[in-house]
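What follows is a single structure, written as structure tokens, with notes after it.
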Amino acid sequence: MRLAFSTLGCPNWELGQIAEAARSLGYDGIELRAVGGDLDLLERREFKPEALATTHQWLVDLHISVCCVDSSCTFDSPDADERLKQVEVAVRHSELAAALGAPLIRVFPDKVQAGATRVETRNNIAACLREVAERAPAEVRVGLETHGDFARGEGAAEIVRLAEHANVALIWDVANSLAAGDSIEEAARAVSPYLAHVHLRDARAVEGSEHWLPVLAGRGQVSFAATVGALQKLNYDGYISFEWEKYWHPEIEEPEVALPDFIRAMSSTL
């Protein structure tokens, strides 16, 4: 298993600082989410078509691998036109991923909207995933994160099964699944047929909130040892990506603290 970090954890850093941190701390890759305060990677100058080849070569020269390109795309809208817009954005992210040598993009399921049923929502999401995968470059998979109303492993896996496309996969966000009621073992079994990528952070429940608060390793309710053990049983050899949600929780520790903390915790676990 290899270690990466999501740039959601250092949302205001520019790409140069991100790459230097990965090199100096011993991460094997980076997962692109926020750069220079922007969540919309498609609007960043270094990811514009005219700059992409240069950016990619610069990363190659630094021996920095991009393991995943994260979008904000969701396919839960009851409105077919809105879902199509989301598909278009996801396809553009897949093209960005291909240009950077990344094998995966991240998309969300996400919520069962008012007036819709869970089955309808699930089927719409599956259809959108299939369309994105059909239009994406062949070397890029579409990773559905365990998130929102489909954060439990079984619910997310059912969507991927319904998509019926070899390039549709799952991103297991361990904390999300636990917050939704899974155990680590239950979620691991459910996602195993489709698992392409793992998001890991320690976190703890917050009274009155469906979302858990990220905390430094060993201070919350997410066992890194149990997660790694479950992944080893699956013979998983992909990335474990540290998703420190600094962008959404500015009050938590700075990346200068959190990024080395994760490396230390995982070095004693792997």
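In case it helps, this note's numbering puts the sequence shown at residues 17 to 286. For each residue, glycine too, the CB sits at the ideal point set by N, CA and C.
Just the C-alpha distance for residue i and residue j, rounded to the nearest angstrom, thanks.
| i | j | result |
| --- | --- | --- |
| S199 | A274 | 25 Å |
| V76 | V85 | 16 Å |
| N28 | A173 | 33 Å |
| L31 | L41 | 15 Å |
| H265 | R99 | 28 Å |
| P153 | E223 | 43 Å |
| L178 | I141 | 9 Å |
| R122 | V231 | 23 Å |
| A196 | I256 | 20 Å |
| R138 | G25 | 30 Å |
| Q33 | T133 | 44 Å |
| S88 | L48 | 12 Å |
| P65 | D277 | 36 Å |
| L194 | V82 | 27 Å |
| I279 | Y43 | 8 Å |
| E136 | G236 | 35 Å |
| V207 | D253 | 14 Å |
| D216 | V156 | Reading the sequence as shown, one finds Leu at residue 216 and not Asp. Distance between the alpha carbons of L216 and V156 is about 22 Å. |
| V107 | A20 | 23 Å |
| H109 | S284 | 35 Å |
| D56 | I187 | 20 Å |
| A118 | R168 | 26 Å |
| F63 | R151 | 20 Å |
Quick one: what's residue i bridged to in DSSP?
| i | result |
| --- | --- |
| E47 | S22 and C84 |
| L186 | L160 and L211 |
| V231 | D218 |
| R122 | D86 and G159 |
| F258 | F21 and L216 |
| D54 | V51 |
| F166 | H163 |
Output needed for residue i: all residues of its chain with C-beta closer than 6 Å, excluding positions within five of it in sequence on either side, in chain order.
| i | result |
| --- | --- |
| V184 | L145, A149, V158 and V176 |
| A221 | W228 |
| L68 | A115 |
| V105 | C89 |
| A113 | V85, I121 and V156 |
| D189 | E161, T162 and H215 |
Looking only at its chain, what residues have a beta carbon closer than 7 Å to the beta carbon of residue i, apart from the 5 residues adjacent to it on each side?
| i | result |
| --- | --- |
| L286 | M17 and V244 |
| L78 | A35 and R39 |
| G234 | D218 and A281 |
| A246 | I200, E201 and A204 |
| F166 | P125, A172 and I175 |
| A242 | I200 |
| A50 | T23, L24, P27 and Y263 |
Is it buried or exposed, residue i, if we count other Cβ atoms within 10 angstroms and call 16 or more buried?
| i | result |
| --- | --- |
| W260 | buried |
| T70 | exposed |
| N192 | buried |
| Q102 | buried |
| R61 | exposed |
| L250 | exposed |
| D97 | exposed |
| G5 | Outside the displayed span of the chain (17 to 286) sits residue 5, for which this structure offers no information. |
| A182 | exposed |
| V209 | Here residue 209 is Pro; the residue named in the question, Val, does not match the sequence. It is exposed - the Cβ of P209 has fewer than 16 other Cβ atoms within 10 Å. |
| E147 | buried |
| E180 | exposed |
| E111 | buried |
I'd like the list of long-range same chain contacts for residue i, defined as Cβ closer than 8 Å, with 5 residues on each side in sequence excluded.
| i | result |
| --- | --- |
| I80 | A35, A38, R39, G45 and I46 |
Mind checking whether the beta-carbon of residue i lies closer than 7 Å to any heavy atom of the ligand FAD?
| i | result |
| --- | --- |
| G159 | Ligands are entirely absent from the displayed structure, and the ligand FAD is therefore not among its contents. |
Review point. Do the stretch 89-100 and the stretch 118-129 meet, that is, are 3 or more Cβ pairs less than 8 Å apart?
Key: yes
Review point. How about the stretch 195-214 and the stretch 161-172: do they share at least three Cβ pairs that are nearer than 8 Å?
Key: yes
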